[in-house]
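Residue numbers (the numbering used here), protein chains in the order written: chain G, 309 to 421; chain S, 30 to 142.
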């Protein structure tokens, strides 16, 4: 079985501040992990993906995530928030040959000027 | 290359009515899925398909039917709409070998009164 938990349904930061969105996963086998972003009134798009090649994964728009097996975490970070980063962010996991990822409940990122 | 397209964008139904949500992709992807997105619930898998003629149920299949007669199209049918089916519906597709990297359509916002 696989699952993800996203801590915090809303995260609010000031423009220029560090962005940290938390994701913990549960999987009985080594997982693939993803972050997707959903801008208002749009579908989801892939931000980045962890496949075991490297624990630090860089994605689009300056985001990155670090896989920590000991903490079963895959937190998403960005050093400096921009107003255009305001969106809903979803963490997802697939493992054990399951090609359909399981999504977390999402975290809404709010960026204040 | 249009990617994944969905029609209609918006739909209002009365309880008991039936309708079909259309989804098409032009990337020759083998895998296609339907999700519903509800506030605080993330994305929940309704049905998925691993190729033409092959479909299977996801987490919340009740009240929905699918078929996959071609690689390109994956329509979702609501047999007898209920207010509990008010949601935003997303179709997604992915390529063989990268099944868990999903490309999403823009969504259909459905209201059942």
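Quick reminder that beta carbons are idealized off the backbone N, C-alpha and C, glycines included.
With 16 or more other Cβ atoms from the protein chains shown falling within 10 Å of its own Cβ, residue 130/S counts as buried. In the three-state reduction of the DSSP assignment, residue 370/G falls in the helix class.
Residue contact check for residue 367/G against chain S: no CB pair falls below 8 Å. Between residue 370/G and residue 357/G, the CB-CB gap reaches or exceeds 8 Å.
Spanning the alpha carbons of residue 336/G and residue 309/G requires a straight line of approximately 7 Å. Residues of chain G with a Cβ closer than 7 Å to the Cβ of residue 69/S are, in chain order, 317, 413.
Short of 6 Å from the beta carbon of residue 58/S, and not among the five residues preceding or following it, lie these beta carbons of its own chain, in chain order: 122, 123, 124. The DSSP-derived three-state label of residue 393/G is helix. Taking every protein chain shown into account, the CB of residue 137/S has 16 or more other CB atoms within 10 angstroms, so this residue is buried. Residue 410/G counts as buried, since at least 16 other C-beta atoms from the protein chains shown sit within 10 angstroms of its C-beta. For residue 113/S, the closest of 139/S, 99/S, 98/S by C-alpha to C-alpha distance is 139/S.
Residues of the stretch 351-363 of chain G with a Cβ closer than 8 Å to any Cβ of chain S, in chain order: 351, 352, 353, 354, 357.
Here the stretch 373-388 of chain G does not lie against the stretch 32-49 of chain S, with fewer than 3 beta-carbon pairs under 8 Å apart. Comparing alpha carbon positions, the residue from 317/G, 397/G, 322/G closest to residue 420/G is 322/G. If you ignore the 5 residues before and after residue 106/S, its C-beta comes within less than 6 Å of the C-beta of 49, 94, all in its own chain and listed in chain order.
Interface annotation, residue 78/S: not in contact with chain G, CB-CB separation never under 8 Å.
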